[in-house]
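A.B. asks: Under the working numbering, the first residue of the first sequence is numbered 12, with each subsequent residue one higher. Shown below is the structure under consideration.
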Amino acid sequence: MEIAAVLREFGDLLEIKGSNPFRIRAYRNAVRTINDLTRSLASMVEGGEDLTELPGIGKEMANHIGELVEWGELSVLEALGQEVPRSLTDLIRLDGVGPKKAKRLWEELGVTSVDDLEQALEEDRVAGLAGFGAKSAEKIFRSIEDFRKHQGRFLLSEVDVLVRPLIRYLEEVGVVERVEVAGSYRRRKETVGDIDLLVLSEDGHEQVMDSFQAYPGVVRVEAAGGSKGRVVLRSGLPVDLRIVPRDSFGAALHYFSGSKEHNVAIRTLGVKKGLKISEYGVFSESEAEAGDSGDNKVGGAEEADVFSAVGLPWINPLLRENRGEVEAARAGELPEALKTQDIRGDLQMHSTWSDGANTLREMAEACRDRGYEYLSITDHSQAVTVAGGLKPPQVREQWEQVEEVRQLVGGIHLFRSLEVDILKDGSLDMPDEILAGLDLVLVSVHSFMNMPIAEMTKRVIRALEHPQVDILAHPTGRILNRREPFAMDVDAVLQAAAELDVAVELNAHPSRLDLHDRHVRRAKELGVKVAINTDAHSVQDLDLMRYGLDQGRRGWLESGDVLNAMSLGEFQVWKDRKNP
DNA sequence: GCCGTTTTCGGCCCGACTGTTTTCAGTCG
Numbered sequence: 012m013e014i015a016a017v018l019r020e021f022g023d024l025l026e027i028k029g030s031n032p033f034r035i036r037a038y039r040n041a042v043r044t045i046n047d048l049t050r051s052l053a054s055m056v057e058g059g060e061d062l063t064e065l066p067g068i069g070k071e072m073a074n075h076i077g078e079l080v081e082w083g084e085l086s087v088l089e090a091l092g093q094e095v096p097r098s099l100t101d102l103i104r105l106d107g108v109g110p111k112k113a114k115r116l117w118e119e120l121g122v123t124s125v126d127d128l129e130q131a132l133e134e135d136r137v138a139g140l141a142g143f144g145a146k147s148a149e150k151i152f153r154s155i156e157d158f159r160k161h162q163g164r165f166l167l168s169e170v171d172v173l174v175r176p177l178i179r180y181l182e183e184v185g186v187v188e189r190v191e192v193a194g195s196y197r198r199r200k201e202t203v204g205d206i207d208l209l210v211l212s213e214d215g216h217e218q219v220m221d222s223f224q225a226y227p228g229v230v231r232v233e234a235a236g237g238s239k240g241r242v243v244l245r246s247g248l249p250v251d252l253r254i255v256p257r258d259s260f261g262a263a264l265h266y267f268s269g270s271k272e273h274n275v276a277i278r279t280l281g282v283k284k285g286l287k288i289s290e291y292g293v294f295s296e297s298e299a300e301a302g303d304s305g306d307n308k309v310g311g312a313e314e315a316d317v318f319s320a321v322g323l324p325w326i327n328p329l330l331r332e333n334r335g336e337v338e339a340a341r342a343g344e345l346p347e348a349l350k351t352q353d354i355r356g357d358l359q360m361h362s363t364w365s366d367g368a369n370t371l372r373e374m375a376e377a378c379r380d381r382g383y384e385y386l387s388i389t390d391h392s393q394a395v396t397v398a399g400g401l402k403p404p405q406v407r408e409q410w411e412q413v414e415e416v417r418q419l420v421g422g423i424h425l426f427r428s429l430e431v432d433i434l435k436d437g438s439l440d441m442p443d444e445i446l447a448g449l450d451l452v453l454v455s456v457h458s459f460m461n462m463p464i465a466e467m468t469k470r471v472i473r474a475l476e477h478p479q480v481d482i483l484a485h486p487t488g489r490i491l492n493r494r495e496p497f498a499m500d501v502d503a504v505l506q507a508a509a510e511l512d513v514a515v516e517l518n519a520h521p522s523r524l525d526l527h528d529r530h531v532r533r534a535k536e537l538g539v540k541v542a543i544n545t546d547a548h549s550v551q552d553l554d555l556m557r558y559g560l561d562q563g564r565r566g567w568l569e570s571g572d573v574l575n576a577m578s579l580g581e582f583q584v585w586k587d588r589k590n591p
């Protein structure tokens, strides 16, 4: 049961019903707070913690949460669902349909679902409604198509491919001086819903907007004003463009990079200093009252202007989630961002021995070429039959080949390793004598993923208790847009990892990025070492490390927190930590 | 519904753009 999802639904229904907007916002804020938690609400409630200590959670919200933890449902939601059909919340996910239109569609046409709406559109019943017309009907029809075509958000890796040529294209436009991507893409959030582009151009707005609309990848133009436009690319990715003059560019870059919550925190600091911070710049309030337009601007050309105006150092966009970065900046305690060269090795990858595309030797050479000091080949164990998992005799054979490759490929150390399956009962899919012969043991779950939460938690912790285990790989099993993380008390697992001195993986693959950034941060808090691994199934996949680095930065990791930022010597010492 | 070294009551961001509404509501970020 997703507590945040229930509260979100309740907020959506209130909005459709037309309740007090600030009450609705209170629900949104509570959802946000809950999503940022590193620990499970259930454990906090059971531990008797006072939830009203959390920002945005008051007495009422705490009662709702208590009820959800205890009963699994929310009586006020059940009651509201009698007044307003709960399926209407699907409608406001559609582009161009908000709460007011959803309500009207329901009241006037009896539409309660996306399917109903599609039918009403086909029967031409929508365009005649007050507030609707031919164009809005057409737009909604397109939204339904997009909704069906691309359920969920875009992976960063997908967007990278789409955005780079668009940036190059815009940079070629004569009047364009600078192009930056803002929004969640700049913050390197694991998935993004759309792209926010900022273009610096003093006077060529029309030319920029014309070129933007004429970009070959555009299938549809949704808006094109004097300074702002929106198009949809063939892939279904929406792109917003804003044209900004030089003296506002930094302020706009900050504003549109978000997150919204971070911006609110910064603006609030500004207000206390008598400053108004907007996408146009930093303005002094006092002079604003005295003089007229323009004179009271105190900065905005550079992003750093915004931070310095409120007495802060520049904050890395990857930290801008209002999860303590403003306070840390003030205290001079921002984490030092991970650098590419901090990574000294890659500890999970596959070879032709199981489901990888390249040989041991090719993987070793590729890692050496990337400047690594060590690597660990972690082919699957026998239980993962679909991936050609190895049986014990094959593992011994592989060790012989590992030895050969060590002789052939100099300048890098190759560890004997395996990605050992965690079986249903928490035992490991490999006999102890094999485990003892490995340099490094990764364990992970690939089966029976829909166990009850308590059972899964117990299963994984039991696996970590095995004395040979070094790293828990892709800890929650999620695949973005495809598979939810399995039910597991991640906080309990991280605490067990801390006690048992087992590292956890931050799987760098852009479709996994498992752990989630807030769990990465929790691991750091608990002193659990994090291994950032690509899980490469080919030589090319080794380059996915950068997605893991970004996710690590979002989780506030510093090089000292990262297992594979250790030198080979340090790492050898760590490996022997359990039997000194 | 939440929050408070300006407040326990009265705030809570607001501007751009579209479409249909002949003067502005709805949506979005």
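Using N, Cα and C, we set each Cβ at its ideal position, and we do this for glycine too.
(1) Going by beta carbon distance, what residues of the same chain come within less than 7 Å of M577, once the five residues before and after it are set aside?
(2) Roughly how far, in whole angstroms, is the beta-carbon of V210 from the beta-carbon of V219, given that I think they are within contact range, below 8 Å?
(3) Counting Cβ pairs closer than 8 Å, one from the segment 461 to 476 and one from the segment 369 to 382, do we hit at least three?
(4) Following the continuous alpha helix (DSSP H) through A514, name the residue where it begins and the one where it ends.
(5) Whole angstroms is fine: what's the gap from L579's alpha carbon to Y385's?
(6) My understanding is that L24 touches R97, with C-beta atoms under 8 Å, so please give their C-beta distance in whole angstroms.
(7) Since I believe S222 is in contact with I254 (beta carbons under 8 Å), could you give me their beta-carbon distance rounded to a whole number of angstroms?
(8) Kindly indicate which three-state DSSP category K350 falls into: helix, strand or coil?
(9) Looking only at DSSP bridge pairs, what is F165 linked to?
(10) Got a sec? Which residues, its chain only, sit under 7 Å from V95 by beta carbon, not counting five neighbours each side?
(11) I need the straight-line Cα distance from L537 to E569, nearest angstrom please.
(12) Go ahead and pull the three-state DSSP assignment for F459.
(13) Hey, would you say V337 sits closer than 8 Å to A263, going by beta carbons?
(14) Buried or exposed for F33, going by 16 or more other Cβ atoms inside 10 Å?
(15) Leaving out five residues on either side along the sequence, give the residues of the same chain with a beta carbon under 7 Å from the beta carbon of R257.
(16) Specify, as a first and last residue, the run of the alpha helix (DSSP H) that F158 falls within.
(17) In chain order, what are the residue ranges of uninterrupted alpha helix (DSSP H) at least 4 long that sit wholly in the segment 95 to 123?
(18) Please list the terminal residues of the continuous alpha helix (DSSP H) segment that includes N74.
(19) Using the beta-carbon count (16 or more within 10 Å), is D436 buried or exposed?
(20) Per DSSP, V232 is paired with what?
(21) Quick check: the segment 313 to 333 against the segment 395 to 402, are there 3 or more CB pairs under 8 Å?
(22) Below 8 Å on the Cβ atoms is my guess for H530 versus V501; work out the distance and round it to an integer in Å.
(23) Terminal residues of the continuous beta strand (DSSP E) containing E253?
(24) Can you tell me which of Q412, E444, D450 puts its alpha carbon nearest to the alpha carbon of F426?
(25) For L88, which residues in the same chain have their Cβ closer than 7 Å to its Cβ, ignoring the five residues on either side in sequence?
C.D. replies: According to the structure data:
(1) Taking the first residue of the first sequence as position 1, residue 577 is located at position 566. Same-chain partners within the cutoff: R355, W585.
(2) If you number the first sequence from 1, residue 210 lands on position 199. If you number the first sequence from 1, residue 219 lands on position 208. Yes, they are in contact, since the Cβ atoms of V210 and V219 sit about 6 Å apart, within 8 Å.
(3) no
(4) Sequence index remark: in the first sequence, residue 514 carries index 503 (1-based). Where A514 is concerned, there is no enclosing alpha helix (DSSP H), although the beta strand (DSSP E) it sits in stretches over 514 to 518.
(5) The sequence position of residue 579 within the first sequence is 568, counting from 1. The sequence position of residue 385 within the first sequence is 374, counting from 1. Cα to Cα, L579 sits roughly 7 Å from Y385.
(6) Taking the first sequence and counting its residues from 1, the one referred to as residue 24 is at position 13. Taking the first sequence and counting its residues from 1, the one referred to as residue 97 is at position 86. Indeed, because the Cβ distance is near 7 Å, the residues count as touching under 8 Å.
(7) Within the first sequence, numbered from 1, the residue matching residue 254 stands at position 243. Within the first sequence, numbered from 1, the residue matching residue 222 stands at position 211. Going by Cβ atoms, the distance from I254 to S222 rounds to 11 Å, so no, they are not a contact pair.
(8) By 1-based counting over the first sequence, the position of residue 350 is 339. DSSP places K350 in coil when its eight states are reduced to three.
(9) Looking up residue 165 in the first sequence gives position 154. F165 pairs with V203.
(10) The sequence position of residue 95 within the first sequence is 84, counting from 1. Counting only Cβ-Cβ distances below 7 Å, and skipping sequence neighbours, we find L24, I27, K28.
(11) If you number the first sequence from 1, residue 537 lands on position 526. If you number the first sequence from 1, residue 569 lands on position 558. If you take the alpha carbons of L537 and E569, they lie about 14 Å apart.
(12) If you number the first sequence from 1, residue 459 lands on position 448. Coil at F459, not helix or strand.
(13) Stepping through the first sequence from its first residue, residue 337 is reached at position 326. Stepping through the first sequence from its first residue, residue 263 is reached at position 252. Taking 8 Å as the Cβ cut-off, V337 and A263 do not qualify as a contacting pair.
(14) As a working mapping, residue 33 is identified with position 22 in the first sequence. Exposed, since its Cβ has fewer than 16 Cβ neighbours within 10 Å.
(15) As a first step, residue 257 must be located in the first sequence, where it is residue number 246. Cβ within range, chain order: L211, E213, A312.
(16) Counting from 1 along the first sequence, the entry for residue 158 is found at position 147. Looking at the DSSP string, the run of the alpha helix (DSSP H) that includes F158 is 145 to 160.
(17) 99 to 102, 110 to 120
(18) Along the first sequence, one-based indexing puts residue 74 at 63. Element bounds for N74: 70 to 82.
(19) Here the question's residue 436 lines up with position 425 in the first sequence. Flag for D436 reads exposed.
(20) Indexing the first sequence from 1 puts residue 232 at position 221. V232 pairs with V242.
(21) no
(22) As a first step, residue 530 is located in the first sequence; it is residue number 519 there, counting from the start. As a first step, residue 501 is located in the first sequence; it is residue number 490 there, counting from the start. With 8 Å as the limit, H530 and V501 qualify as a contact, their Cβ atoms being about 5 Å apart.
(23) As a position in the first sequence, residue 253 is number 242, starting the count at 1. It is worth fixing the name first, because residue 253 is Arg in this sequence and not Glu. First-last of the beta strand (DSSP E) with R253: 249 to 255.
(24) Within the first sequence, numbered from 1, the residue matching residue 426 stands at position 415. Answer by Cα proximity: D450.
(25) Within the first sequence, the letter at position 77 stands for residue 88. Same-chain partners within the cutoff: V17, E20, F21.
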